[in-house]
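Residue numbers for the sequence shown follow this note's numbering, beginning at 149 and rising by one.
What follows is a set of notes on a single structure, which appears directly below.
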Amino acid sequence: MKIRILIAAAILSVPLCPVIGQQQLSETLRNHVTVLASDSLSGRGFGFPEKHLAVDYIIKQYEAAGFSAPYDGGYIHKFEHRTEIALIEGKNIIGIIEGSDPVLKNEYILLGAHLDHMGWKVVNGQKVVWNGADDNASGVAAIIEAGRILMANRESLGRSVIIAAFDGEEAGLLGSSAFAKTEVPGKFKVRMMFSIDMVGMLEKNGGINHAGFGALTGGEELAARIILENGLTINKAYDKIEFRTDTWPFAAKGIPAVYISTGLVSPYHKPEDDAHLLDYAGMARIVEMMAGTAVELSNLKPLDADARYIVRKTDPGVSAGFRAGYGSAFHAHTTQFYNAKPLLSAEAGLEAQLRLTRNIRLQPAVTYQLSGSKTDAGKLRTHSLVPQLDLLLTNSGGSVMTPTVFLLTGAYYSWSFAGKEGGAPADFLAKYDKADYGLRLGAGMNIMKVQFTYVYKYGLNRVNLDPAGGEIFNRGFHFALTRYF
Ligand SMILES: [Zn+2]
149 MKIRILIAAA ILSVPLCPVI GQQQLSETLR NHVTVLASDS LSGRGFGFPE
199 KHLAVDYIIK QYEAAGFSAP YDGGYIHKFE HRTEIALIEG KNIIGIIEGS
249 DPVLKNEYIL LGAHLDHMGW KVVNGQKVVW NGADDNASGV AAIIEAGRIL
299 MANRESLGRS VIIAAFDGEE AGLLGSSAFA KTEVPGKFKV RMMFSIDMVG
349 MLEKNGGINH AGFGALTGGE ELAARIILEN GLTINKAYDK IEFRTDTWPF
399 AAKGIPAVYI STGLVSPYHK PEDDAHLLDY AGMARIVEMM AGTAVELSNL
449 KPLDADARYI VRKTDPGVSA GFRAGYGSAF HAHTTQFYNA KPLLSAEAGL
499 EAQLRLTRNI RLQPAVTYQL SGSKTDAGKL RTHSLVPQLD LLLTNSGGSV
549 MTPTVFLLTG AYYSWSFAGK EGGAPADFLA KYDKADYGLR LGAGMNIMKV
599 QFTYVYKYGL NRVNLDPAGG EIFNRGFHFA LTRYF
């Protein structure tokens with residue numbers, strides 16, 4: 149492993165030409181954060197009027213850095229967010245650094261950071277501003293300066309780079325979702341993205357946290373090497389896509405999406421998150437590391453999502469599968485003192501699962517069922533077509549891949565198209581009703597595209613047509629296994 153890393157380092161690392169020294173870089177970062185996290189910007193709240201001051205400031209920095217403006221010569225990607233009482237216009241600020249490879253430059257590495265924070269409130273008669281210096285003026289300052297280094301090293305860039313200051317993150321990843329939805333991959337073929345979110349506490353956190361590098365083939369080794377090469381250490385690394393930052397909407401499109409942070413060690417989501425608390429020397433080192441990472445990834449061939457990740461990336465909300473089950477069925481003679489003896493039952497058919505909310509799923513199915521009971525005339529065997537609809541109450545969201553347990557309640561309708569009793573054809577004209585309906589109650593679990601269920605079937609309509617035979621109902625227990633496609 150070590151040898152591999154060293155060889156890769158020798159081949160891939162391109163020394164970047166710094167624009168300014170580390171000391172000056174850290175002062176520039178301090179200036180950005182001081183402006184963005186000042187009280188006059190009122191906490192950059194989504195939909196708050198003062199946020200335009202942040203937008204204007206960032207645009208000025210993009211212009212000074214020389215980023216290309218992809219929206220008719222402007223940097224703003226607008227989106228709308230409708231709430232119950234208002235229609236809020238959001239603004240992502242998008243700058244482009246064109247790569248130098250004639251083919252690869254049509255693909256993009258995105259360096260993103262959310263520009264919004266939590267605004268202000270009046271507390272005990274006083275206006276209190278959530279300045280959000282670490283969260284996330286630090287990230288915005290970092291992408292601007294990483295972009296400036298990349299502009300000076302454009303000949304080393306293969307793919308192009310997007311510098312994206314996203315709006316509306318705190319309000320629910322609104323800006324990044326809108327951008328991923330309408331611009332990717334149509335306008336921008338983004339191959340990998342980063343959400344740089346809270347990077348102002350390097351020393352206090354004891355290193356960098358990163359999550360999601362494993363979504364890129366060889367990504368974790370690459371991250372370990374680059375971070376080490378830049379004289380930084382990894383404090384925590386997670387093999388997951390972070391859902392609380394702008395990585396999530398890109399990951400949902402199968403794009404490797406990495407969260408870079410120095411953790412939640414600042415006064416996270418508190419009014420005390422102010423500019424003077426940040427470690428600007430540490431930020432400067434992270435900026436240089438990010439610029440190096442972007443250059444390296446811009447030239448990496450192939451740049452592919454890891455196969456495990458492709459399987460895990462999305463939750464389509466709808467799945468279908470094949471179900472097979474077995475159990476026992478019997479006639480319950482509710483007006484008499486005995487029940488018929490059970491017979492083996494079996495079923496096979498198709499099942500679908502639709503996620504309605506995080507904890508509720510709808511599960512329609514159509515199966516063929518072999519059912520029956522021991523009767524006074526011998527063994528009754530029926531062959532039926534059974535449409536059914538279950539409601540699942542789950543302990544977690546996710547897909548059929550996610551380990552989930554659930555309770556199930558539903559209804560079935562059964563139509564018997566053939567049957568035998570005591571060796572002769574079952575009498576569906578005078579003795580038994582072809583149709584049966586009732587309730588399904590059960591429990592089960594999903595894991596890795598397989599579902600196990602245990603269900604009790606409770607018939608509600610009398611199956612014997614001749615009332616002289618008393619009241620007879622279908623009952624049964626069965627165990628089923630569904631394999632999702
Ligand atoms: Zn944040």
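Cβ atoms here follow ideal geometry from the backbone N, Cα and C, with glycine treated the same way.
The model shown is predicted, which means the values in this text are computed figures rather than measured ones.
message: Considering Cα atoms alone, identify which of Y585, W268 and G618 is closest to H417.
response: Along the sequence shown, read from residue 1 onward, the residue named residue 417 stands at position 269. For the options Y585, W268 and G618, the alpha carbon positioned closest to that of H417 is the one of W268.
- request: Let me know if R583 comes out buried or exposed under the rule of 16 or more other beta-carbons within 10 Å of its beta-carbon.
  value: For this step, residue 583 is matched to residue 435 along the sequence shown. First, the residue type needs correcting, since residue 583 is Ala and not Arg in the sequence shown. It counts as exposed.
- prompt: Once you ignore the five residues that flank V183 on each side, which residues in its own chain have a CB closer than 6 Å to its CB?
  reply: The count along the sequence shown starts at 1 and reaches residue 183 at position 35. Cβ neighbours of V183 beyond the five flanking positions: Y205.
task: Pull up the distance between the alpha-carbon of Y560 and that of Y585, whole angstroms please.
output: Numbered from its first residue, the sequence shown carries residue 560 at position 412. Numbered from its first residue, the sequence shown carries residue 585 at position 437. Looking at the two C-alpha atoms, the distance is approximately 6 Å.
field: Proximity of S564 and A574 at Cβ, strictly below 9 Å
entry: For the purposes of this step, residue 564 is taken as residue 416 along the sequence shown, with counting starting at 1. For the purposes of this step, residue 574 is taken as residue 426 along the sequence shown, with counting starting at 1. In this structure, A574 lies closer than 9 Å to S564 by Cβ.
- prompt: Under the three-state reduction of DSSP, which class applies to K275: helix, strand or coil?
  reply: Numbered from its first residue, the sequence shown carries residue 275 at position 127. Note: K275 maps to strand in three-state DSSP.
- prompt: Where K294 and A212 are concerned, what is the direct C-alpha to C-alpha distance, given to the nearest angstrom?
  reply: As a working note, residue 294 is residue 146 in the sequence shown. As a working note, residue 212 is residue 64 in the sequence shown. Correcting the residue identity first, residue 294 is Ala in this sequence and not Lys. A294 and A212: Cα-Cα distance of roughly 13 Å.
field: Contact between the stretch 191-204 and the stretch 258-268 (3+ Cβ pairs under 8 Å)
entry: Output reads yes: the stretch 258-268 touches the stretch 191-204.
field: Cut-off 6 Å between Cβ atoms - residues of its own chain near I292, not counting five sequence neighbours on either side
entry: The residue you call residue 292 lines up with position 144 of the sequence shown. Answer for I292: Q209, listed in chain order.
message: Cutting at 6 Å between CB atoms, please list the residues of its own chain near R178, excluding the five before and the five after it.
response: To locate residue 178, count along the sequence shown from 1; it is residue 30. Closer than 6 Å at the Cβ level, and outside the excluded window around R178, lie Y428.
message: ligand 1 and E390: does any heavy atom of the ligand fall closer than 8 Å to the residue's C-beta?
response: Counting from one through the sequence shown, the residue named residue 390 turns up at place 242. No, Cβ of E390 sits at least 8 Å from all heavy atoms of ligand 1.
field: Sheet register partners of P535 (DSSP bridge)
entry: Translated into positions along the sequence shown, residue 535 becomes position 387. For P535, DSSP records a beta bridge to V514.
field: Where G221 falls: helix, strand or coil (DSSP)
entry: As a first step, residue 221 must be located in the sequence shown, where it is residue number 73. Three-state result, G221: coil.
task: Quick one: give me the first and last residue of the beta strand (DSSP E) that M341 is part of.
output: Within the sequence shown, residue 341 is the residue found at index 193, counting from 1. If you look at M341, you'll find it in the beta strand (DSSP E) that goes K337 to I344.
message: Bridge partners for P573 per DSSP, in chain order?
response: Along the sequence shown, one-based indexing puts residue 573 at 425. Answer is K568, bridged to P573.
field: Residue from L305, L235, F398 and R506 with nearest C-alpha to L540
entry: Mapped onto the sequence shown, residue 540 falls at position 392. The residue from L305, L235, F398 and R506 with its alpha-carbon nearest to that of L540 is R506.
message: Once DSSP output is grouped into helix, strand and coil, what is the label at R610?
response: Taking the first residue of the sequence shown as position 1, residue 610 is located at position 462. Reduced to three states, the DSSP call for R610 is coil.
- prompt: What is the DSSP secondary structure of S544, reduced to helix, strand or coil?
  reply: Indexing the sequence shown from 1 puts residue 544 at position 396. Of the three classes helix, strand and coil, the one that applies to S544 here is coil, per DSSP.
message: Let's test the definition: count the other Cβ atoms within 10 Å of the Cβ of N254 and tell me whether it reaches 16, buried, or not, exposed.
response: Here residue 254 corresponds to residue number 106 of the sequence shown, with the count starting at 1. Exposed, because fewer than 16 other Cβ atoms sit within 10 Å of the Cβ of N254.
query: Since A294 is in the alpha helix (DSSP H), which residue starts that stretch and which ends it?
result: For the purposes of this step, residue 294 is identified with residue 146 of the sequence shown, where counting begins at 1. Its alpha helix (DSSP H) spans residues S286 to A300.
- request: Report the residue ranges of all alpha helix (DSSP H) runs contained in full by the stretch 349-411; include only those spanning at least 4 residues, in chain order.
  value: Runs found: 350-353, 367-377 and 395-399.
field: Proximity below 9 Å, CB of P419 to CB of V276
entry: Walking along the sequence shown from the start, residue 419 turns up at place 271. Walking along the sequence shown from the start, residue 276 turns up at place 128. Going by C-beta atoms, P419 is nearer than 9 Å to V276.
query: Closer than 5 Å from C-beta to any heavy atom of ligand 1: which residues, in chain order?
result: Listed by chain position, these are D283, N284 and D345.
query: In whole angstroms, what is the alpha-carbon distance linking G260 and F342?
result: Along the sequence shown, one-based indexing puts residue 260 at 112. Along the sequence shown, one-based indexing puts residue 342 at 194. Roughly 6 Å between the two C-alpha positions.
- request: Look at N301 and V443 and say whether their C-beta atoms are less than 9 Å apart.
  value: Along the sequence shown, one-based indexing puts residue 301 at 153. Along the sequence shown, one-based indexing puts residue 443 at 295. Yes, they are a contact pair.
- request: Out of G592, S286 and V514, state which residue places its alpha-carbon closest to the alpha-carbon of V534.
  value: Here residue 534 is taken as the residue at index 386 of the sequence shown, counted from 1. Answer by Cα proximity: V514.
- prompt: Can the beta-carbon of I375 be found less than 9 Å from the beta-carbon of S409?
  reply: Numbered from its first residue, the sequence shown carries residue 375 at position 227. Numbered from its first residue, the sequence shown carries residue 409 at position 261. No, the pair does not count as a contact, with Cβ atoms beyond the cut-off.
message: Does S446 pass the burial test, meaning 16 or more other C-beta atoms within 10 Å, or should it be called exposed?
response: On the sequence shown, position 298 is the one that residue 446 refers to. S446 comes out buried.
- request: Buried or exposed for L258, please, with buried defined as at least 16 other CB atoms from any protein chain shown within 10 angstroms of its CB.
  value: As a first step, residue 258 must be located in the sequence shown, where it is residue number 110. The residue in question, L258, is buried, as its Cβ has 16 or more Cβ neighbours within 10 Å.
task: Compute the Euclidean distance between the alpha carbons of R460 and Q171, then round it to the nearest angstrom.
output: Here residue 460 refers to the residue found at position 312 when the sequence shown is read from its first residue. Here residue 171 refers to the residue found at position 23 when the sequence shown is read from its first residue. Any answer about R460 is weak, because its pLDDT of 49 lies below 50 and its placement is not dependable; what the coordinates show is given next. Using only the alpha carbons, I get a separation of about 42 Å.
query: When the Cα atoms are used, what is the spatial distance from L425 to D282?
result: Here the question's residue 425 lines up with position 277 in the sequence shown. Here the question's residue 282 lines up with position 134 in the sequence shown. Those two C-alpha atoms are separated by around 8 Å.
Top-ranked residue by Cα proximity to G214, from S186, R373, V181 and L298: Against the sequence shown, residue 214 aligns to sequence position 66. Looking only at S186, R373, V181 and L298, the smallest Cα-Cα distance to G214 is reached by L298.
field: Outcome for L537 when other beta-carbon atoms lying within 10 angstroms are tallied against a minimum of 16
entry: What you label residue 537 is simply residue 389 of the sequence shown in a count that begins at 1. That one is exposed.
query: Rounded to a whole number of angstroms, what is the C-alpha to C-alpha distance between T482 and A400?
result: Position 334 of the sequence shown, counted from the start, is the residue given in the question as residue 482. Position 252 of the sequence shown, counted from the start, is the residue given in the question as residue 400. So the two alpha carbons sit approximately 53 Å from each other.
query: Would the stretch 465-472 and the stretch 485-500 be scored as touching if the rule is three or more Cβ pairs under 8 Å?
result: Short answer: they touch.
query: Can you tell which of V338, I382 and G411 has its C-alpha closest to the C-alpha of M346?
result: In the sequence shown, the residue the question calls residue 346 occupies position 198. Taking only the C-alpha atoms, the option nearest M346 is G411.
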